[in-house]
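Protein chains in written order, with this note's numbering: chain A, -4 to 151; chain B, -4 to 151; chain C, -4 to 151; chain D, -4 to 151. Written out below as C-alpha cells is the structure these notes cover.
There are 4 protein chains.
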Amino acid sequence: MTRALVLTVIGAGDAPEDACAMARDVGREIASRGAVLINGGRGGVMRAAAEGARSAGGHTIGILPSYDRASANEFVEFVIATGMGEARNAIIVASSDAVIAMAGEGGTLAEIGFAKKFGRPIVALKSWPEIEGLDRATTPREAVDLAMKLAACSRG
Amino acid sequence: MTRALVLTVIGAGDAPEDACAMARDVGREIASRGAVLINGGRGGVMRAAAEGARSAGGHTIGILPSYDRASANEFVEFVIATGMGEARNAIIVASSDAVIAMAGEGGTLAEIGFAKKFGRPIVALKSWPEIEGLDRATTPREAVDLAMKLAACSRG
Amino acid sequence: MTRALVLTVIGAGDAPEDACAMARDVGREIASRGAVLINGGRGGVMRAAAEGARSAGGHTIGILPSYDRASANEFVEFVIATGMGEARNAIIVASSDAVIAMAGEGGTLAEIGFAKKFGRPIVALKSWPEIEGLDRATTPREAVDLAMKLAACSRG
Amino acid sequence: MTRALVLTVIGAGDAPEDACAMARDVGREIASRGAVLINGGRGGVMRAAAEGARSAGGHTIGILPSYDRASANEFVEFVIATGMGEARNAIIVASSDAVIAMAGEGGTLAEIGFAKKFGRPIVALKSWPEIEGLDRATTPREAVDLAMKLAACSRG
C-alpha cells in the first residue's frame, strides 16, 4: 500500500474570518489532490482547514492537546487525544510530509521550529516574513501545489 | 458528523502465529461493524489486527513510538509518528472507545493500567486472568460484540 | 561525577493514612541512603514519600501531569511540569533505577507495566500479589534495602 | 518551602567554542544567584551552561529526549529521561520561570515558540533579532539579571 501524502496547515486557533476563509481553501485544495489533512483539531485555522478538506471528500486527523475528544471540531474525522498539551505540536509536524504555515503566535512558531528540526518542507502562506529559509506562496492553490511537490520530493 | 467508534487491540509485538491469527479475526470483526482500529502500528498483534481490519475495508491508525514513519506496518492507513516512546500507549488508549486485550508483556500491562485510569471498557480475550475487573471473552467475535456494546454505552 | 541512585515509590494518589505512613517511611529510608526520590509530585503516596525523603535531607523530584507547577505538593524540591497527562508515568519510571510499588489503581498498574517494559527492578511492598515476577518486601526498610541493591546491580 | 527560581538556557547542541564560553558564564551567573538550571541535558550550549552552573555550586536538571540516561552530559545532576523526543522542549520551557535564548536552529525556535505560548519571559542574548517581542541582553550577566527579575515578577 502506498500511503497518501499528509499535509498540515498551521495557524492561529482564534483567527479572523478572512484567515479562516483562506484556510478553508487550503484544506479544499489539499483534499482535492488526494492528500490527508492533519492538524491540531481545535478552532480557528485548524477548524477551517478541516472544514475545507471534508467538503472536498478528504480525510482529516485532529491531534488534540487534551484527553477530551469532545473538544475536537466537527470536521475532524479521526480524533487522537494525546493529553500531552502543547507538546503535541511535535507529533503533528512529525506525522506530516509538509507544512503550510499561516499567521499565528507561539504555538505556530513552535511548529515551524519543529518542522525545521525534522527537515519538513515549510510553505509560508502570506506570513512569517521574519523567518528565514521558508518557501513562500501568496494563494492557497499556490501553497498547496508547492507543498505537494516538496512533500513528494521529501518522501522520495 | 457522528464519528465511528474506535477500538484498540493490544497484545505482544512478537506474538506467535496462533495469536496473530486471532488478532486478524478481531481486526476483521471490528472493521465489519464499521469501527476504526487504532493501535501501536508495529508488529505481532498490532500488524495482524490491522491486516484483518484492512481486509474488511476498515480504517486503521497506527500510533508509533518513534518518529520513523517507515517503521509502521503495511496495514496502517494513517501513521501518527509520536516520537514519544512507550508513553504513546496512553494516547492509544485515550483515543479509543474500548480496549480488547490479548496476551502481552509490560507494554500491554501499561495499556490495561491506562484503560482503567481513563475508564475505558476492557475486554480480555483469553488472557490476563490475574487482573481483576476486566470483561471476558473467548472468541474474537464475542470480544468485538462485547467491546462494541460497552463502547457505545461508554460514549453515551 | 557519579550520580546518586534514583528511586520511585508508586501508589495511590488518595491513599489512606496507614499507607501514607508507610510511604513516609519508605521516603525516609531512600533519603537516608543518599538516593534521590522521583515520583508524580501530587498527593497520597506521592506526597507522603516526598515528605519522608525531605525530612531526612534528601532530594525530591516531582513529575507533574499538568503544566500547573502550583499543583505539586510542598515536599517536591524540583518540579517538572510535563503537561503530558498520564503519559508522564513512563518518564517517572524511565528516570528511576528501581521502583517500589505500593497498592494503587490504574496509574500504578501502568507504572508497573512500564517498569517491566524498561527492565527496571520492581519491589512490591505488601501489594500486587496478582502480578508475577516482582520482588517482594513487607517493611519499608526491607523494600528500600532490596531496591537499592537491585538498582545498583542494574546500573552496573 | 519556597522553591528556587528555575531558568533555562537554550541554544545550539553543536555550538562553537565562543558560544559555549558565553553559555558557561550564563550558567555560572544563574547558580551564583541561587537559581536552578534546567535544559535539554545534551551537548553544546546545554553542556556548557550546566558546566558553569555546577562550577558555582548550583543544581542542574537535564530533560533528555531519549530514554538513554547515559546520553546526559556529565554536568547534569538530575537526569530526566523523557523518551519523548523533541517534544521534550515543551517540558523544559513549562518547568522554567524564564528563558535565556542564545543562537540556535529549529529546536531553539520551537522553545521560543513554547515560551511565548506559555507566557514565560524570554531574554535573547545577542541572538534572534528577527523575532519580535523578546527582551534583549548583550552580556551573560545582563541576561541573567534581567531573566531573574522577570522570573520573579512572573511567579508573583
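C-beta atoms are modelled at their ideal positions from N, C-alpha and C, and glycine is treated no differently.
Review point. Which class does residue 33 of chain B belong to by DSSP, given the choice of helix, strand or coil?
Key: By 1-based counting over the second sequence, the position of residue 33 of chain B is 38. Strand.
Exercise for review: Specify the secondary structure class of residue 59 of chain B as computed by DSSP and reduced to three states.
Suggested key: Against the second sequence, residue 59 of chain B aligns to sequence position 64. Residue 59 of chain B: strand per DSSP, three-state reduction.
Check your understanding: Between residue 112 of chain B and residue 65 of chain C, is the Cβ-Cβ spacing less than 8 Å?
Key -> Position 117 of the second sequence holds residue 112 of chain B. Position 70 of the third sequence holds residue 65 of chain C. It is not a contact, given that the beta carbons lie outside the stated cut-off.
Practice item. Scan the segment 63 to 96 of chain B for residues whose Cβ lies nearer than 7 Å to a Cβ of chain D and list them as they occur along the chain. Key: 78, 79, 80, 81 and 82
Exercise for review: Look up residue 49 of chain D in the DSSP assignment and say whether it is helix, strand or coil.
Suggested key: Here residue 49 of chain D corresponds to residue number 54 of the fourth sequence, with the count starting at 1. Reduced to three states, the DSSP call for residue 49 of chain D is helix.
Check your understanding: Quick one: what's residue 131 of chain B bridged to in DSSP?
Key -> Reading the second sequence from its first residue, position 136 is the one you call residue 131 of chain B. Residue 131 of chain B pairs with B/119.
Review point. Whose CA, out of B/142, B/28, B/53 and B/61, lies closest to the CA of residue 84 of chain B?
Key: Sequence index remark: in the second sequence, residue 84 of chain B carries index 89 (1-based). Among B/142, B/28, B/53 and B/61, the Cα nearest to that of residue 84 of chain B belongs to B/61.
Practice item. Could you check if residue -3 of chain D is buried or exposed, using at least 16 other CB atoms within 10 Å of its CB as the buried criterion? Key: Here residue -3 of chain D is taken as the residue at index 2 of the fourth sequence, counted from 1. Residue -3 of chain D should be labelled exposed.
Point to revise | Contact set between the segment 102 to 121 of chain B and chain G, restricted to residues whose Cβ is under 9 Å from the partner | key: Any reference to chain G falls outside this structure, whose protein chains are A, B, C and D.
Review point. What separation, rounded to the nearest whole angstrom, lies between the Cα atoms of residue 152 of chain A and residue 55 of chain A?
Key: The requested residue 152 of chain A does not occur in the structure, where chain A is confined to residues -4 to 151.
Check your understanding: For a contact meaning CB atoms closer than 9 Å, what does residue -2 of chain B contact in chain A?
Key -> Mapped onto the second sequence, residue -2 of chain B falls at position 3. Within chain A, the residues near residue -2 of chain B are 64, 67, 71, 72, 73 and 74.
Point to revise | residue 100 of chain A: contacting residues in chain D (beta-carbon distance under 9 Å) | key: What you label residue 100 of chain A is simply residue 105 of the first sequence in a count that begins at 1. What residue 100 of chain A touches in chain D: 108, 111 and 112.
Check your understanding: Are the segment 113 to 121 of chain B and the segment 27 to 37 of chain B in contact at 8 Å, needing three or more beta carbon pairs?
Key -> no
Review point. Short check: CB of residue 95 of chain C to CB of residue 2 of chain C, under 8 Å?
Key: To locate residue 95 of chain C, count along the third sequence from 1; it is residue 100. To locate residue 2 of chain C, count along the third sequence from 1; it is residue 7. Yes, these two residues count as a Cβ contact at 8 Å.
**Study point:** Sequence-distant residues of its chain with Cβ nearer than 6 Å to residue 15 of chain B (five each side left out)
**Key:** Counted from its first residue, the second sequence places residue 15 of chain B at position 20. Within the same chain, residue 15 of chain B has close Cβ partners 43.
Practice item. Would you mind reading off the limits of the alpha helix (DSSP H) that contains residue 0 of chain A? Key: Looking up residue 0 of chain A in the first sequence gives position 5. Premise fails: residue 0 of chain A is in no alpha helix (DSSP H) and is neither H nor E.
Review point. With burial defined as no fewer than 16 other Cβ atoms inside 10 Å of the residue's Cβ, what is the status of residue 52 of chain C: buried or exposed?
Key: Position 57 of the third sequence, counted from the start, is the residue given in the question as residue 52 of chain C. So residue 52 of chain C ends up on the exposed side.
Check your understanding: chain B partners of residue 125 of chain C, CB-CB under 8 Å?
Key -> By 1-based counting over the third sequence, the position of residue 125 of chain C is 130. The contacting residues are 125, 126 and 127.
Review point. Between which two residues does the beta strand (DSSP E) carrying residue 73 of chain A extend?
Key: The residue labelled residue 73 of chain A in the question sits at position 78 within the first sequence. It spans 73 to 76 - the beta strand (DSSP E) in which residue 73 of chain A sits, taken as one unbroken run.
Exercise for review: Anything in chain D within Cβ reach of residue 56 of chain C, meaning under 9 Å, just list it in chain order.
Suggested key: Locating residue 56 of chain C in the third sequence gives position 61, counting from the first residue. The answer, in chain order, is 56, 73 and 75.
Practice item. Less than 8 Å between the CB atoms is what I'm expecting for residue 37 of chain B and residue 68 of chain B, so what's the real figure, rounded? Key: For the purposes of this step, residue 37 of chain B is taken as residue 42 along the second sequence, with counting starting at 1. For the purposes of this step, residue 68 of chain B is taken as residue 73 along the second sequence, with counting starting at 1. Between residue 68 of chain B and residue 37 of chain B the Cβ distance is about 6 Å, and since that is below 8 Å, they are a contact.
Exercise for review: Starting from the C-beta of residue 149 of chain D, find all residues in its chain whose C-beta is less than 8 Å away, skip the five residues before and the five after it, and write them out in chain order.
Suggested key: Along the fourth sequence, one-based indexing puts residue 149 of chain D at 154. 92, 93, 114, 115 and 116, listed in sequence order.
Practice item. Provide the residue span of the beta strand (DSSP E) that contains residue 96 of chain D, from first to last. Key: The residue you call residue 96 of chain D lines up with position 101 of the fourth sequence. Residues 93 to 96.
Check your understanding: Taking C-alpha atoms, which residue in C/132, C/81, C/18 and C/123 lies nearest to residue 109 of chain B?
Key -> Taking the second sequence and counting its residues from 1, one reaches residue 109 of chain B at position 114. Per the Cα distances, C/81.
Point to revise | Span separating the alpha-carbon of residue 100 of chain C from that of residue 124 of chain D | key: If you number the third sequence from 1, residue 100 of chain C lands on position 105. If you number the fourth sequence from 1, residue 124 of chain D lands on position 129. So the alpha carbons of these two residues sit roughly 50 Å apart.
Exercise for review: Would you give the residue range spanned by the alpha helix (DSSP H) that residue 106 of chain A belongs to?
Suggested key: Taking the first sequence and counting its residues from 1, one reaches residue 106 of chain A at position 111. Residues 101 to 113.
Check your understanding: In three-state DSSP terms, what is residue 67 of chain B?
Key -> Along the second sequence, one-based indexing puts residue 67 of chain B at 72. Correct three-state label for residue 67 of chain B: coil.
Review point. Where do the N-terminal and C-terminal ends of the alpha helix (DSSP H) with residue 26 of chain B fall, by residue?
Key: As a first step, residue 26 of chain B must be located in the second sequence, where it is residue number 31. First-last of the alpha helix (DSSP H) with residue 26 of chain B: 12 to 27.
Review point. Quick one, are the C-beta atoms of residue 22 of chain C and residue 47 of chain C less than 8 Å apart?
Key: On the third sequence, residue 22 of chain C is found 27 positions in, with the first residue counted as 1. On the third sequence, residue 47 of chain C is found 52 positions in, with the first residue counted as 1. It is a contact, given that the beta carbons lie within the stated cut-off.
**Study point:** Below-8 Å beta-carbon distance, residue 31 of chain D vs any chain C residue
**Key:** Within the fourth sequence, numbered from 1, the residue matching residue 31 of chain D stands at position 36. So yes, residue 31 of chain D belongs to the interface.
**Study point:** Cα-Cα separation between residue 127 of chain C and residue 88 of chain C, rounded to whole angstroms
**Key:** Indexing the third sequence from 1 puts residue 127 of chain C at position 132. Indexing the third sequence from 1 puts residue 88 of chain C at position 93. Residue 127 of chain C and residue 88 of chain C: Cα-Cα distance of roughly 18 Å.
Exercise for review: May I have the straight-line CA-CA distance separating residue 143 of chain B from residue 137 of chain B, to the nearest angstrom?
Suggested key: If you number the second sequence from 1, residue 143 of chain B lands on position 148. If you number the second sequence from 1, residue 137 of chain B lands on position 142. Approximately 10 Å, taken between the alpha carbons.
Practice item. Kindly indicate which three-state DSSP category residue 82 of chain B falls into: helix, strand or coil? Key: Here residue 82 of chain B refers to the residue found at position 87 when the second sequence is read from its first residue. DSSP places residue 82 of chain B in helix when its eight states are reduced to three.
Check your understanding: Leaving out the 5 sequence neighbours to the left and right, which residues in its chain are closer than 6 Å to residue 146 of chain C when beta-carbon positions are compared?
Key -> Taking the third sequence and counting its residues from 1, one reaches residue 146 of chain C at position 151. Around residue 146 of chain C: 0, 92 and 93.
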